[in-house]
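>
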Amino acid sequence: MNKHQAMTKDIQAVESKSSSCQGIEPLHVQLHREQLPQKCDRTWQQLAASTERINQLSAELEAALYDLKEIACDIRQQQNLPRMPDFDKPALAIPYIYCKRPGLFVLKAKTVDLFAEEKAAYQLAQQLRHRTKTRLKRSRTMSLAHLSWKLKKFWQKLAKQWQSPSDRRSKENRVKINLSSAAKTTKIENRKRFVLQR
33 MNKHQAMTKD IQAVESKSSS CQGIEPLHVQ LHREQLPQKC DRTWQQLAAS
83 TERINQLSAE LEAALYDLKE IACDIRQQQN LPRMPDFDKP ALAIPYIYCK
133 RPGLFVLKAK TVDLFAEEKA AYQLAQQLRH RTKTRLKRSR TMSLAHLSWK
183 LKKFWQKLAK QWQSPSDRRS KENRVKINLS SAAKTTKIEN RKRFVLQR
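The sequence shown begins at 33 in my numbering and counts up by one.
The structure is reproduced here in structure tokens:
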């Protein structure tokens, strides 16, 4: 028996053991280059080259999608269109291959949102508009409250100045009575002094 047949028997034994256990995921056998025959080594090299090519194609596809978006934006600006051209699915999934460890390749998908910058700018503009609206509302309510307070003070002063005429006369009469009584007392005191001096 050669090395290749012995390795395939080992792999089959490991897979049969792992498939008999239901709760355990099957083991991924790692093969090192020293253990591989030349034909298998070439196959691994082809696998590595194809994964590199797939990853390169996915990067090129992502760049091409961004170029497509820029061209669509240029057309929109040249024709003065009101909105952006609609894409059915703005968030796209681009496949790539991830080498988790030697001998284990995982196919994954990278999500690419072509309009992420525009969405972020739109959300920021909405937040700023909301902030300015709340500031304007606050300033209006503050200015209205201040204005109502000033009006209240003004009416209180006006009410004090323009009391009913009877109240003003009674105050003036009280002042006159106080002045006349003071004048009478001074006159009486002056007469008493004059009489006493004689």
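We put the CB at the ideal spot given by N, CA and C, even for glycine.
Quick caveat: nothing in here was measured; it's all calculated off a predicted structure.
1. From the DSSP output, in three-state form, read off L160 for me.
2. Could I get the ranges of all uninterrupted alpha helix (DSSP H) runs contained in the region 136-195, with 4 residues as the minimum, in chain order?
3. Here's the rule I'm using: 16 or more other beta-carbon atoms within 10 Å means buried, otherwise exposed. How should L146 be labelled?
4. Express the C-alpha separation of R163 and T173 in angstroms, rounding to a whole number.
5. State whether the region 95-105 contacts the region 139-157, with contact taken as three or more CB pairs (one from each stretch) at a distance under 8 Å.
6. Per DSSP, what kind of secondary structure is E47 in: helix, strand or coil?
7. For L93, which beta-bridge partners are listed by DSSP?
8. Rounded to whole angstroms, what's the CA-CA distance from A81 to N87? Just pull it up for me.
9. Nearest-angstrom Cα distance between V73 and Y128?
10. Quick check: the Cα distance between H178 and K185, rounded to an integer number of angstroms?
11. Could you name the residues that DSSP lists as bridge partners for L124?
Inspection of the coordinates gives the following:
1. Translated into positions along the sequence shown, residue 160 becomes position 128. DSSP, reduced to helix, strand and coil, places L160 within a helical segment of the structure shown.
2. Fully enclosed alpha helix (DSSP H) runs of 4 or longer: 148-193.
3. The residue you call residue 146 lines up with position 114 of the sequence shown. Classification for L146: buried.
4. Here residue 173 refers to the residue found at position 141 when the sequence shown is read from its first residue. Here residue 163 refers to the residue found at position 131 when the sequence shown is read from its first residue. Inter-residue distance for T173 and R163 is about 15 Å (C-alpha atoms, whole angstroms).
5. Segments in contact, yes.
6. On the sequence shown, residue 47 is found 15 positions in, with the first residue counted as 1. The predicted position of E47 is uncertain, since its pLDDT is 44 and thus under 50; no value can be drawn from it.
7. Here residue 93 is taken as the residue at index 61 of the sequence shown, counted from 1. Per DSSP, none; premise fails for L93.
8. For the purposes of this step, residue 81 is taken as the residue at position 49 of the sequence shown. For the purposes of this step, residue 87 is taken as the residue at position 55 of the sequence shown. CA-CA distance, A81 to N87, rounds to 10 Å.
9. Residue 73 sits at position 41 when you count from the first residue of the sequence shown. Residue 128 sits at position 96 when you count from the first residue of the sequence shown. It should be noted that the sequence gives Asp, not Val, for residue 73. So the alpha carbons of these two residues sit roughly 23 Å apart.
10. Here residue 178 corresponds to residue number 146 of the sequence shown, with the count starting at 1. Here residue 185 corresponds to residue number 153 of the sequence shown, with the count starting at 1. A direct Cα-to-Cα measurement between H178 and K185 gives close to 11 Å.
11. On the sequence shown, residue 124 is found 92 positions in, with the first residue counted as 1. Its beta-bridge partners are V144.
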